[in-house]
Each structure stands twice: as structure tokens, then as C-alpha cells.
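Q: This structure is in C-alpha cells; I'll ask about it shortly.
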Amino acid sequence: MNPLKIAIGSDHGGFRLKEEVKKMLEEQGYDFRDFGTFSEASVDYPDVALEVARAVQAGSFDRGILICGTGIGIGIAANKLAGIRAALCHDTFSARASREHNNANILTMGERVIGPGLAKDIVNVWLETEFAGGRHARRVDKILEIERGYMGSKQQSFLSGDRPKRFFRGGKQRGR
Ligand code: RB5
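With our numbering applied, the sequence shown covers 579 to 754.
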């Protein structure tokens with residue numbers, strides 16, 4: 579069993595790619611948990627982003643993988659949580675750099691942007707690459723300082739359990 583614990587999630591736009599990535603993680607012996615969505619029915623990507631980002635933020639999981647149609651919306655949402663560094667990567671160079679330089683703890687990808695072969699290579703590189711530290715640590719620390727200065731009080735109400743409406747519950751979904 580690989581020691582990394584991974585939280586994975588997607589909206590409907592990333593559902594099929596999530597299933598492919600899960601298959602690979604399983605074959606490679608990773609310990610992972612799927613936070614949904616569990617079908618191709620339309621859902622809102624911020625709901626899934628919040629679940630996975632909270633799991634990583636809390637330290638119950640080492641890394642997260644989030645997939646939507648583009649990888650953009652789900653990453654923007656995840657990055658609203660303090661301590662989360664979600665990186666959108668559609669090539670292996672960025673995937674490696676996001677770990678070495680930015681200590682990214684969530685990888686985001688878009689199912690409508692890249693194919694499953696490349697996506698799986700990206701996941702492999704991203705999971706296997708360590709943070710380089712050194713001058714990069716100083717810069718990541720500055721990101722944490724920005725969070726402390728600008729995200730403080732609002733962030734607290736989320737962390738203390740005052741959560742928005744329940745996951746996937748909502749009004750009628752129109753469009754995808
Ligand atoms: C859903 O249609 C789509 O907007 C979503 O998957 C994602 O691409 C948003 O950034």
C-alpha cells in the first residue's frame with residue numbers, strides 16, 4: 579500500500595476521468611477516498627471542491643485530486659480554503675513544478691481539455707514529486723502569510739463547522 583492518502587472528487591464534467599484515475603490509483607495501491615460525484619448527473623463543482631479541500635486542510639488526507647470540465651472552477655473554489663494550494667496542470671512539466679516549487683496539495687484537471695492517457699501521466703508525476711523546499715519554502719510561507727492577513731476571520735466560521743448548504747442538495751439543475 580502506498581503511504582499517501584488521497585482525496586479525489588469531480589463534478590459531472592469530470593466524472594468519467596475521475597473513474598479512470600481511480601482505476602489507476604487502485605492498481606498502484608494508493609489509499610484513496612472518492613468524495614463524489616457518483617454519476618454524470620449535473621452537480622455544482624464548488625460543493626465537491628469544498629469537501630475535498632476540507633479533507634486535505636484538516637490533514638485527514640495528504641493530497642487531493644479534483645476534476646471538472648476545465649479544472650478551473652473546481653480549483654478556484656478549492657483555493658478559497660486556507661492552506662490549500664490547488665494547481666491546474668495539463669502537462670507533466672507543470673505537474674512536477676507545482677510540487678517542487680509550490681508544494682501544491684491539490685491537483686486539478688479538466689476532462690474536456692486533456693485525454694485520460696496524459697491525465698494519468700500527470701497524476702503519476704504529481705504524486706511522485708516531492709517539494710524542493712529551500713527558496714521555494716520561503717515563497718510558500720509568504721502565501722501562508724497572505725492567507726493569515728486576508729482570509730482570517732471569514733475562514734474561521736467555515737473551519738468551526740458553520741458550513742454552507744449540504745453537499746449536492748439544491749434546487750433544480752438547469753444546463754450542465
Ligand atoms: C460544468 O459544465 C463546467 O462548468 C465545470 O465542469 C467546470 O468546467 C467549471 O469550471
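Think of the CB as a built atom: it goes at the ideal place given N, C-alpha and C, for glycine as much as any other residue.
Given the structure is predicted, the values throughout are model-derived calculations rather than measurements.
1) Determine the direct distance from the alpha carbon of Ala665 to that of Val691, and round the result to whole angstroms.
2) How big is the Cα-Cα spacing for Glu618 and Gly712?
3) Near Lys658, which residues of its chain fall below 6 Å by C-beta distance, leaving aside the five closest residues on each side in sequence?
4) Could you tell me the boundaries of the alpha helix (DSSP H) in which Asp699 lies?
5) For Ile662, write down the residues that DSSP places opposite it in a beta bridge.
6) Quick one: Cα of Ser638 to Cα of Pro624, how far?
7) Label Leu705 either buried or exposed according to how many other C-beta atoms from any shown protein chain fall within 10 Å of its C-beta, with 16 as the threshold for buried.
8) Comparing C-alpha positions only, which one of Val599, Thr615 and Asp699 sits nearest to Asp609?
9) Drop a sphere of 10 angstroms on the beta-carbon of Lys601, count the other beta-carbons inside from all chains shown, and report buried for 16 or more, exposed for fewer.
10) Along the chain, where does the alpha helix (DSSP H) that runs through Gly727 open and close?
11) Does Pro581 pass the burial test, meaning 16 or more other C-beta atoms within 10 Å, or should it be called exposed?
12) What is the rounded straight-line gap between the Cα of Ser588 and the Cα of Phe613?
A: Once the coordinates are examined:
1) Position 113 of the sequence shown holds residue 691. Position 87 of the sequence shown holds residue 665. Approximately 15 Å, taken between the alpha carbons.
2) Counted from its first residue, the sequence shown places residue 618 at position 40. Counted from its first residue, the sequence shown places residue 712 at position 134. In a straight line, the C-alpha of Glu618 is about 43 Å away from that of Gly712.
3) As a working mapping, residue 658 is identified with position 80 in the sequence shown. Cβ neighbours of Lys658 within its own chain (closer than 6 Å, five residues either side excluded): none.
4) As a first step, residue 699 must be located in the sequence shown, where it is residue number 121. Here the alpha helix (DSSP H) through Asp699 covers Pro694 to Glu706.
5) Here residue 662 is taken as the residue at index 84 of the sequence shown, counted from 1. Its beta-bridge partners do not exist; DSSP assigns none.
6) Here residue 638 refers to the residue found at position 60 when the sequence shown is read from its first residue. Here residue 624 refers to the residue found at position 46 when the sequence shown is read from its first residue. Ser638 and Pro624: Cα-Cα distance of roughly 20 Å.
7) Locating residue 705 in the sequence shown gives position 127, counting from the first residue. Per the 10 Å Cβ criterion, buried.
8) Here residue 609 corresponds to residue number 31 of the sequence shown, with the count starting at 1. Nearest option by C-alpha distance: Val599.
9) Here residue 601 corresponds to residue number 23 of the sequence shown, with the count starting at 1. Flag for Lys601 reads exposed.
10) Along the sequence shown, read from residue 1 onward, the residue named residue 727 stands at position 149. Gly727 -> alpha helix (DSSP H) spans Arg713 to Tyr728.
11) In the sequence shown, the residue the question calls residue 581 occupies position 3. Note on Pro581: under 16 other CB atoms within 10 angstroms of its CB, so exposed under the neighbour-count rule.
12) To locate residue 588, count along the sequence shown from 1; it is residue 10. To locate residue 613, count along the sequence shown from 1; it is residue 35. For Ser588 and Phe613, the distance between alpha carbons rounds to 8 Å.
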